[in-house]
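Asks: Structure below; questions to follow.
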Amino acid sequence: MSRTIRIRKGANIRLKGRPATSIVDAPPAAIYAVQPPDFTGVIPKLRVKEGDAVVAGSSLFFSKDCPSVQFSSPVSGVVKSIIRGAKRKILAVLIEADEQGKAESFPIIDPKTADRTAILGAMLNGGLFAFVQQRPFAVAADPAITPRSIHISGFNSAPLSPDMAVALNGRMEDFQTGIDALNQLAGSEGVHIGVRSNETIFSGIEGAKMTQFEGPHPAGNVGVQIHHAAPLNKGEVLWTMHAEDVANLGVLLSKGRYEPLRVIGAGGSEHPAPQHMRALAGIALTSLVGGHQDAENTRYISGDPLTGTDASAAGFLGGLHHQVTLLPEGNEPKFLLTDGWLSPGLKKFSLSRSYPTWLMPKSKEFTMDTNSNGEERAFVVTGQYEPVFPFDIYPVQLIKSIMANDIDGMEKLGIYEVAPEDFALCEYACTSKIAVQKVVRDGLDMLKKELG
Amino acid sequence: MKALHNILDSIRPHFEEGGKLSKFWVVFDSLETFAFTPGHTNKNGVHIRDGVDLKRTMFLVILALVPALLFGTWNQGHQYLLSIGEISVSDAWNTMIWDKLLIGAWKVLPLVVVSYGVGLGIEFLFAGFRKHSINEGFLVSGMLIPLIMPIDVPLWMVAVAVAFSVIIAKEVFGGTGMNILNVALTARAFLFFAYPKQLSGEIWIHEVAASKSGGLLVDGYTGATALGELASTVGKPIMNADVTSVMGMFDAGGMYSLSNAFLGLIPGSIGETSALAILIGAALLIWTGIGSWKVMSSFLVGGLVMGFLFNLMGMNAYMTLPPIHQVVMGGFMFGMVFMATDPVSAAQTERGKWIYGFLGGFLSIMIRVFNPAYPEGVMMAILFMNVMAPLIDHYVIQANVSKREKRAMLASAQRATA
């Protein structure tokens, strides 16, 4: 019997626009994108140029530091353009999809009998290693390192996130194949899955250590699950992977097809029809927003409202995202008495109890816009991060050590175990409006550079 | 409110870089953001943010101070009328309410104005000089300072104390959020050490010196605070006649009886006398989650424990006072609720807050009894604990660090044997 861990710290932000459990296929988009900045730590080297014909599974670029890691096209078509930013940094490779659905065919491998090198090779060539992340540093994984363990979160807890049971419905056979493969790749500690208590979809899965979790967000964050099930120590490396990509790995090995399928939670108060949508990674957001107009006053977020990226209406689903959220922009000033800091605030959701909304029933959902609800200040209020940060780590002190560039300090305070997303609720709750996730990212980058 | 914002928009260019009034940008900016939460949206990071901001937080603290302020204003008038025999102790509540409030307000309002005027003036200067926006921290400090002043303190002294504390205790460290010592207590400590004669003298009751020389003062009314009276008993035997007469005032029916001290019908600094009014504020702070209930409760326990230990020792009359009586007198309650809980100068770790609060309360009573030269032990105790807070946090964090190191060592040992 697996053990159950109760996460007491955290919070569920009660946003309006939760996706219904119904699921539809997203209308195919004309353009798909693979965006290198989605894969933190990867410096892309292009394999294609504008006008090249590609098929699903063709490598578009590879990682400069780990040339074996391929980033592949999700669809067949033509490379429409390569978008570059400052210093010619590659921001996106755009593929104009054709209707032919041609795909690269990869060798079929039985993970139970194949050896580690064969499975890793298939995963790298097949483009699925791109979706493996590593801790420490929360960056794209290095295939040369054998990870202590591989961790998969079996549920989402972020606001408006898709339901993993809906997403994996009917895919458990592929998922099992993926787990078998990962078992060959993982080191001594094997494969871990964090399951929400009372969730049964994983009950038939073999070859993975199950840990049950209950509690509010961020219990679904893989970082939280690692910390409570098998904490990462200095000097260890482990991999993390999204459960849907494990199933995609199963498809790659058993059918020889690269098919980065995602069941996307499409929601938010501005979404006309919040529901689950099936689509391929990198799809244009226009296919996911249910015909939503008024791009000017709406924020199109690829990912969840706490960690996602501001993708704009013409943007694409991020490589590691499984969610699209539409929220109203909050770029209008708020008068102090009506909806500013002196207002009764009956519509203001707050984790602090400084607005009366905390007395409202737990079922009440709120419309939140992207206004920062105040200006950035120095740290003043204390005891605000800890209740939403379920780690045995001092969050404020860690943030301050990063701000002070104190490498030794951040190592001691446990930076190896965390990813920016684990601090998302701290950033949400911060009275002083400090950009906590960015600080953590900078700290991880600094430490990685320092250690070489 | 669109119209108001349009007016602000139309005058904004004058204050921006290159405008005629660009030197006053800070003033414009702070007034604008006071009236309108700016339309800033979240970039790179979370897309939604909590409704709370520092303005809301500080406003709620000021709201929590209102009961103490109102009661203090009334009580100052009450004490004055009592001292000149206009009213008697028995009719505290139902006579001359408006006279009391007016007399109190006549003295309290100028203190508030001077405190805010000087403090915010300095904040504006620093903000303009350093080109950052005004921080809300002084909104609370500016209200706390008058509340811990004696009623007849000269306004120029308040001005000097505010200037000293804002500059030396706060701005030299980098402004709000960076200070080590509580700003309001630093102002009070500055006065205490810079003008000891004036502060220990006859300024606790309005016009008490003039009343005395004019022969108006009621017999037996000294105008001293409860702690001042008690300090006079230290060093004398318990059965001494002076001592028993002082201690008599603390019995039921006496001037400083438990109920009077709890309700606040005693002389003292403006905001500190009424434990009841302060506890109403405390309830608001705890209810909204803004004041740390951990600091408050451990501070109270610390004070009670020390009071109880003194009871056990019982070496002089002061020590025999019941612990509950100790904590409702003087600035203990005010310090506990509004000073010790200042998040910037208190311990910042949750475990540290327990230790910090307990020691603060413990030392408050200890200093007050052991050292009659410092009747207001709370001020000294909290300032001392402000200095000690980083050390407490250090050890709390160090325990966490070594726990993690041990875990890593264990894991690497296991790897080595595997």
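As you go down the protein sequences, you meet chains A and B in turn.
The working numbering puts the first sequence at residues 72 to 523.
The working numbering puts the second sequence at residues 99 to 516.
Note that the Cβ used here is the ideal one computed from N, Cα and C, for glycine as well.
Bear in mind that the values here come from a model prediction, so they are computed numbers and not experimental data.
So with Cβ pairs under 7 Å, would you call alanine 449 of chain A a contact of chain B?
Replies: The sequence position of residue 449 of chain A within the first sequence is 378, counting from 1. Answer yes: the Cβ-Cβ gap between alanine 449 of chain A and chain B drops below 7 Å somewhere.
Asks: Have a look at B:Ala479, B:Gly450 and B:Gly175 and flag the residue whose alpha-carbon is nearest the alpha-carbon of glycine 433 of chain B.
Replies: Residue 433 of chain B sits at position 335 when you count from the first residue of the second sequence. If we check each option's Cα against that of glycine 433 of chain B, B:Ala479 comes out closest.
Asks: Just the Cα atoms here: how many angstroms apart are alanine 236 of chain A and isoleucine 272 of chain A?
Replies: The residue labelled residue 236 of chain A in the question sits at position 165 within the first sequence. The residue labelled residue 272 of chain A in the question sits at position 201 within the first sequence. Looking at the two C-alpha atoms, the distance is approximately 6 Å.
Asks: Answer yes if the stretch 445-455 of chain B comes into contact with the stretch 477-493 of chain B, meaning at least three C-beta pairs across the two stretches below 8 Å, and no otherwise.
Replies: Contact between the stretch 477-493 of chain B and the stretch 445-455 of chain B is present, because at least three Cβ pairs lie under 8 Å.
Asks: Would you list the residues sitting across from tyrosine 465 of chain A in a DSSP beta bridge?
Replies: Mapped onto the first sequence, residue 465 of chain A falls at position 394. Its beta-bridge partners do not exist; DSSP assigns none.
Asks: Would you mind sorting aspartate 365 of chain A into buried or exposed? The rule is 16 or more other CB atoms within 10 Å of its CB.
Replies: As a first step, residue 365 of chain A must be located in the first sequence, where it is residue number 294. That one is exposed.
Asks: Does methionine 72 of chain A get closer than 7 Å to chain B when you measure Cβ to Cβ?
Replies: Translated into positions along the first sequence, residue 72 of chain A becomes position 1. At methionine 72 of chain A the pLDDT is 49, less than 50, meaning the model places this residue with poor confidence; the figure from the coordinates comes in the next sentence. Closer than 7 Å: no.
Asks: Alpha carbons only, please: which of B:Lys334, B:Ala497 and B:Ser213 is nearest the one belonging to alanine 415 of chain B?
Replies: As a first step, residue 415 of chain B must be located in the second sequence, where it is residue number 317. When each option's Cα is compared against that of alanine 415 of chain B, the closest is B:Lys334.
Asks: Output yes if chain B places a C-beta closer than 7 Å to the C-beta of serine 425 of chain A; else output no.
Replies: Stepping through the first sequence from its first residue, residue 425 of chain A is reached at position 354. True, the Cβ-Cβ gap to chain B drops below 7 Å.
Asks: When we look at the beta-carbon of tryptophan 196 of chain B and count the other beta-carbons within 10 Å, is it buried (16 or more) or exposed?
Replies: Locating residue 196 of chain B in the second sequence gives position 98, counting from the first residue. Exposed, by the Cβ-count rule.
Asks: Measure from the alpha carbon of threonine 217 of chain A to the alpha carbon of each residue in A:Ile223, A:Gly225, A:Arg206 and A:Ser224, then state which is nearest.
Replies: As a working note, residue 217 of chain A is residue 146 in the first sequence. Threonine 217 of chain A has its Cα closest to that of A:Arg206, out of A:Ile223, A:Gly225, A:Arg206 and A:Ser224.
Asks: Alpha carbon to alpha carbon, what distance is there between proline 244 of chain B and glycine 117 of chain B?
Replies: Counting from one through the second sequence, the residue named residue 117 of chain B turns up at place 19. Counting from one through the second sequence, the residue named residue 244 of chain B turns up at place 146. Distance between the alpha carbons of glycine 117 of chain B and proline 244 of chain B is about 38 Å.
Asks: Going straight from the alpha carbon of leucine 283 of chain B to that of glutamate 503 of chain B, what length do you get?
Replies: Numbered from 1 along the second sequence, position 185 holds the residue referred to as residue 283 of chain B. Numbered from 1 along the second sequence, position 405 holds the residue referred to as residue 503 of chain B. Each residue's Cα considered, the two are about 39 Å apart.
Asks: How many angstroms separate the CA atom of leucine 165 of chain A from the CA atom of threonine 357 of chain A?
Replies: Your numbering for residue 165 of chain A matches position 94 in the first sequence. Your numbering for residue 357 of chain A matches position 286 in the first sequence. Rounded to whole angstroms, leucine 165 of chain A to threonine 357 of chain A spans 15 Å at the Cα level.
Asks: For asparagine 233 of chain B, which of B:Phe157, B:Phe460 and B:Phe113 has the nearest alpha-carbon?
Replies: The residue labelled residue 233 of chain B in the question sits at position 135 within the second sequence. Taking only the C-alpha atoms, the option nearest asparagine 233 of chain B is B:Phe157.
Asks: Does chain A have any CB closer than 7 Å to the CB of lysine 268 of chain B?
Replies: If you number the second sequence from 1, residue 268 of chain B lands on position 170. So no, lysine 268 of chain B is outside the interface.
Asks: Per the DSSP calculation, glycine 156 of chain A is bridged to which residue(s)?
Replies: By one-based count along the first sequence, residue 156 of chain A stands at place 85. Paired residue(s): none; glycine 156 of chain A is not in a bridge.
Asks: Does the distance between the C-beta of serine 330 of chain B and the nearest non-hydrogen atom of the ligand HEM fall short of 6 Å?
Replies: Absence of the ligand HEM from the depicted structure is noted, as is the absence of any ligand whatsoever, leaving it without description.
Asks: Let me confirm a value: alanine 292 of chain B is counted as buried when at least 16 other C-beta atoms fall within 10 Å, else exposed. Which label applies?
Replies: As a working note, residue 292 of chain B is residue 194 in the second sequence. It counts as exposed.
Asks: Any beta carbon from chain A within less than 7 Å of phenylalanine 440 of chain B's own beta carbon?
Replies: Walking along the second sequence from the start, residue 440 of chain B turns up at place 342. Residue identity check: residue 440 of chain B is aspartate in the sequence provided, not phenylalanine. Chain A, which has no Cβ nearer than 7 Å to the Cβ of aspartate 440 of chain B, makes this no.
Asks: Exposed or buried, which one is aspartate 349 of chain B when buried takes at least 16 other CB atoms within 10 Å?
Replies: Counted from its first residue, the second sequence places residue 349 of chain B at position 251. Aspartate 349 of chain B should be labelled exposed.
Asks: Could you tell me whether any Cβ in chain A is nearer than 7 Å to the Cβ of arginine 449 of chain B?
Replies: Here the question's residue 449 of chain B lines up with position 351 in the second sequence. Not one chain A Cβ lies under 7 Å of arginine 449 of chain B.
Asks: Give the residues of chain B in contact with methionine 431 of chain A, contact being defined as C-beta atoms less than 8 Å apart.
Replies: Counting from one through the first sequence, the residue named residue 431 of chain A turns up at place 360. Per Cβ cutoff of 8 Å: no residues; methionine 431 of chain A is ~13 Å from chain B at best.
Asks: Between tyrosine 499 of chain A and aspartate 148 of chain B, how many whole angstroms is the CB-CB distance? I'm expecting something under 8 Å.
Replies: Indexing the first sequence from 1 puts residue 499 of chain A at position 428. Indexing the second sequence from 1 puts residue 148 of chain B at position 50. Between aspartate 148 of chain B and tyrosine 499 of chain A the Cβ distance is about 6 Å, and since that is below 8 Å, they are a contact.
Asks: I'd like to know whether the C-beta of histidine 154 of chain B is nearer than 7 Å to at least one C-beta of chain A.
Replies: Start at 1 with the first residue of the second sequence, and residue 154 of chain B comes out as number 56. The question names histidine, but residue 154 of chain B is arginine in the sequence shown. Interface residue, yes.
Asks: Do methionine 345 of chain B and tyrosine 354 of chain B have their CB atoms nearer than 7 Å?
Replies: Against the second sequence, residue 345 of chain B aligns to sequence position 247. Against the second sequence, residue 354 of chain B aligns to sequence position 256. No.
Asks: List, in order along the chain, the chain A residues whose C-beta lies closer than 9 Å to that of leucine 314 of chain B?
Replies: Here residue 314 of chain B is taken as the residue at index 216 of the second sequence, counted from 1. Chain A residues near leucine 314 of chain B: none, gap ~45 Å exceeds 9 Å.
Asks: In its own chain, which residues sit with a C-beta less than 8 Å from the C-beta of isoleucine 185 of chain B, not counting the 5 before and 5 after it?
Replies: Locating residue 185 of chain B in the second sequence gives position 87, where the first residue counts as 1. Cβ neighbours of isoleucine 185 of chain B beyond the five flanking positions: His176, Leu179, Thr193 and Met194.
Asks: Could you check how far apart the C-beta atoms of alanine 252 of chain A and leucine 324 of chain A are, in whole angstroms? I think they sit under 8 Å.
Replies: Numbered from 1 along the first sequence, position 181 holds the residue referred to as residue 252 of chain A. Numbered from 1 along the first sequence, position 253 holds the residue referred to as residue 324 of chain A. With a Cβ gap of about 6 Å, alanine 252 of chain A and leucine 324 of chain A count as contacting.
Asks: Using a Cβ-Cβ cutoff of 9 Å, what residues of the stretch 256-283 of chain B are near chain A? List them in chain order.
Replies: Taking 9 Å as the Cβ-Cβ cut-off against chain A, the residues of the stretch 256-283 of chain B that qualify are Gly272, Gly273, Thr274, Gly275 and Met276.
Asks: Return yes when the Cβ of valine 442 of chain B is within less than 7 Å of the Cβ of asparagine 277 of chain B, no when it is not.
Replies: Here residue 277 of chain B refers to the residue found at position 179 when the second sequence is read from its first residue. Here residue 442 of chain B refers to the residue found at position 344 when the second sequence is read from its first residue. Yes, these two residues count as a Cβ contact at 7 Å.
Asks: Would you please verify whether the beta carbon of lysine 87 of chain A is less than 7 Å from any beta carbon of chain B?
Replies: Residue numbering aside, residue 87 of chain A sits at position 16 when the first sequence is read from its first letter. Lysine 87 of chain A does not count as touching chain B.
Asks: Can you list, in chain order, the residues of the stretch 154-168 of chain B whose Cβ is nearer than 8 Å to any Cβ on chain A?
Replies: The stretch 154-168 of chain B vs chain A, Cβ under 8 Å: Arg154, Thr155, Phe157 and Leu158.
Asks: Just checking my contact of glycine 336 of chain A with proline 90 of chain A at CB under 8 Å: how many whole Å lie between their CB atoms?
Replies: Walking along the first sequence from the start, residue 336 of chain A turns up at place 265. Walking along the first sequence from the start, residue 90 of chain A turns up at place 19. Confirmed, about 4 Å.
Asks: Hey, could you find the ends of the beta strand (DSSP E) tryptophan 383 of chain A is sitting in?
Replies: Reading the first sequence from its first residue, position 312 is the one you call residue 383 of chain A. A quick correction: the sequence has serine, not tryptophan, at residue 383 of chain A. Careful: serine 383 of chain A lies outside any beta strand (DSSP E) and carries neither H nor E.
Asks: With a threshold of 16 other CB atoms inside 10 Å of the CB of threonine 92 of chain A, please say whether the residue is buried or exposed.
Replies: As a first step, residue 92 of chain A must be located in the first sequence, where it is residue number 21. When all chains shown are included, threonine 92 of chain A counts as exposed.
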